[in-house]
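To get our numbering, take the position in the sequence shown, counting from 1, and add 57. Step one of this worksheet: look at the structure below.
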Amino acid sequence: MIRWMIVIFLALLLISWFTPLLQKLGFGKLPGDVRFKAFGREWFLPITTTILLSFVASLIGQII
């Protein structure tokens with residue numbers, strides 16, 4: 058359980074770093090991706106994008 062939480066945290070961290078590139082590809086604007094402003098900052102939670110990219114990574118892992 059802890060291992061999966063760490064993997065999800067790292068995936069969210071990497072996606073947030075690559076957000077500008079992913080937005081050019083159309084990711085980050087999917088239904089289920091949450092953007093909100095709090096404490097003077099804009100926050101982004103790419104829930105749907107994370108699920109979609111995890112699914113793609115899983116398919117690639119099974120093919121290889």
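In this text, a Cβ means the ideal position worked out from N, Cα and C, and glycines have one as well. Just so it is clear, the structure is predicted and the values come from calculations on it, not from any experiment.
State buried or exposed for I108, treating a residue as buried only when at least 16 other CB atoms are found within 10 Å of its CB.
exposed
Any idea if F84 is buried or exposed, counting beta-carbon neighbours within 10 angstroms, 16 or more meaning buried?
buried
Pair every Cβ in the segment 92 to 99 with every Cβ in the segment 71 to 81, then say whether three or more of these pairs are closer than 8 Å.
As far as the Cβ criterion goes, the segment 92 to 99 does not touch the segment 71 to 81, which means the pair count is below three.
Once DSSP output is grouped into helix, strand and coil, what is the label at F66?
helix
What does the Cβ neighbour count give for P103, buried or exposed, with the cut at 16 atoms within 10 Å?
The residue is buried, with at least 16 neighbouring Cβ atoms inside 10 Å.
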